[in-house]
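Residue numbers are given in the UniProt record's numbering: position 29 of the sequence shown equals residue 29, and the series is strictly consecutive.
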Amino acid sequence: MESTLTAIFWIIALLYSVVIHEVSHGAVAYSLGDPTAKNLGRLTLNPIKHLDMFGSVFLPLISFMLGGFIFGYAKPVPYNPENLRDRKYGPAKVALAGPASNIALAVLFGLTLRFLPDVFSSSLVPELLSVVVTLNLFLAIFNLFPVPPLDGHWLLLTFLPLKFAAIKVFLYKYGFLLLLFFLFFVFPLLMPLIGWMFRLLTGIGF
1 MESTLTAIFW IIALLYSVVI HEVSHGAVAY SLGDPTAKNL GRLTLNPIKH LDMFGSVFLP
61 LISFMLGGFI FGYAKPVPYN PENLRDRKYG PAKVALAGPA SNIALAVLFG LTLRFLPDVF
121 SSSLVPELLS VVVTLNLFLA IFNLFPVPPL DGHWLLLTFL PLKFAAIKVF LYKYGFLLLL
181 FFLFFVFPLL MPLIGWMFRL LTGIGF
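Structure representation (structure tokens):
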């Protein structure tokens, strides 16, 4: 019963974490002069507005049934970089807003877990808080991978000298393959980093 409740909570936490991630993109874009997300009604925490049938419903359910890490995503919040007042660094700021929101959630729930009163220690609360922290650390680091369509590639392109323009072409041409490579071969190497960040925030083992 507890494992089922944890799985349900994991899916709910995932849904709201990716929604907050996407809304953060739109909010920063709006603050920089682009009203696209606001005009489309996407600056809302109502998850229905952000649901992607595959990424928000089927993928979490499939990963749950396979017994692995429950994962998913929401519809990307659109924005028009041409509307940004800061044309040079604006796209990087918009991109960074998503992972930054996940780090903020991890810090908030991690410190809550660290200073949780003992009266809750034997309940499901510590486990549920751990879910939110782990999930948001995962989302933050994963989205910083410098491959399309993840946020990290916007950061890379913003600071990439023009003489390395061929790298941009390479990224967009082989982005999907690079994403799979990062996911299956590079990301596992970063799990110790996630574990270290988890211990730093919560004071308990990962």
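Glycine included, every Cβ here is placed at the ideal spot set by N, Cα and C.
Test item: CB-CB of residue 97 and residue 24 under 7 angstroms: On the sequence shown, residue 97 is found 97 positions in, with the first residue counted as 1. On the sequence shown, residue 24 is found 24 positions in, with the first residue counted as 1. Cβ distance < 7 angstroms, so residue 97 and residue 24 count as in contact.
Sequence ranges, alpha helix (DSSP H) only - wholly within the segment 70–123, length at least 4: 90–114
Contact set for residue 104: own chain, Cβ-Cβ below 7 angstroms, skip 5 residues either direction: Looking up residue 104 in the sequence shown gives position 104. Contacts found: none.
Delimiting residues of the alpha helix (DSSP H) encompassing residue 50: Residue mapping note: residue 50 aligns to position 50 of the sequence shown, counting from 1. Per DSSP, residue 50 belongs to no alpha helix (DSSP H) and is neither H nor E.
CA-to-CA distance, residue 193 to residue 15, given in whole angstroms: For this step, residue 15 is matched to residue 15 along the sequence shown. For this step, residue 193 is matched to residue 193 along the sequence shown. Rounded to the nearest angstrom, the gap between the Cα atoms of residue 15 and residue 193 is 24 angstroms.
With 16 other Cβ atoms within 10 Å as the buried cut-off, status of residue 80: The residue you call residue 80 lines up with position 80 of the sequence shown. Result: exposed.
Per-residue burial, residue 48 [other beta carbons within 10 Å of its own, 16 or more giving buried]: The sequence position of residue 48 within the sequence shown is 48, counting from 1. Flag for residue 48 reads exposed.
Continuous alpha helix (DSSP H) stretch holding residue 131: start and end: Looking up residue 131 in the sequence shown gives position 131. Unbroken alpha helix (DSSP H) run through residue 131: 125–143.
Residue 188 (DSSP reduced to helix, strand or coil): Here residue 188 refers to the residue found at position 188 of the sequence shown. Residue 188 falls in the helix class under three-state DSSP.
Of the residues 41, 52 and 33, the one placed nearest residue 82, counting alpha carbons only: The residue given as residue 82 occupies position 82 in the sequence shown. Checked all of 41, 52 and 33; the closest Cα to residue 82 is 33.
Straight-line Cα distance separating residue 108 from residue 160: To locate residue 160, count along the sequence shown from 1; it is residue 160. To locate residue 108, count along the sequence shown from 1; it is residue 108. Rounded to whole angstroms, the gap between the alpha carbons of residue 160 and residue 108 is 33 angstroms.
Test item: CB-CB of residue 183 and residue 147 under 7 angstroms: Position 183 of the sequence shown, counting from 1, holds the residue named residue 183. Position 147 of the sequence shown, counting from 1, holds the residue named residue 147. With respect to the 7 angstroms criterion, residue 183 and residue 147 are not classified as neighbours on the basis of their beta carbons.
CA-to-CA distance, residue 19 to residue 72, given in whole angstroms: Indexing the sequence shown from 1 puts residue 72 at position 72. Indexing the sequence shown from 1 puts residue 19 at position 19. Going by the C-alpha atoms only, they are around 11 angstroms apart.
Residue 128 versus residue 21: straight-line alpha-carbon distance, rounded: Here residue 128 refers to the residue found at position 128 when the sequence shown is read from its first residue. Here residue 21 refers to the residue found at position 21 when the sequence shown is read from its first residue. Cα-Cα distance, rounded: 19 angstroms.
DSSP-derived helix/strand/coil call for residue 36: Within the sequence shown, the letter at position 36 stands for residue 36. Here residue 36 sits in helix by DSSP.
Of the listed residues 4, 12 and 27, nearest to residue 101 (C-alpha basis): Indexing the sequence shown from 1 puts residue 101 at position 101. The option with the nearest alpha carbon to residue 101 is 27.
For residue 114 and residue 202, believed in contact at Cβ under 8 angstroms, the rounded distance: Within the sequence shown, numbered from 1, the residue matching residue 202 stands at position 202. Within the sequence shown, numbered from 1, the residue matching residue 114 stands at position 114. Contact holds; Cβ gap of about 5 angstroms.
Distance, residue 135 Cα to residue 110 Cα: Position 110 of the sequence shown, counting from 1, holds the residue named residue 110. Position 135 of the sequence shown, counting from 1, holds the residue named residue 135. Approximately 11 angstroms between the Cα atoms of the pair.
Beta-carbon proximity of residue 99 to residue 39, cut-off 7 angstroms: Translated into positions along the sequence shown, residue 99 becomes position 99. Translated into positions along the sequence shown, residue 39 becomes position 39. Their beta carbons are not under 7 angstroms apart, which means residue 99 does not touch residue 39 by this criterion.
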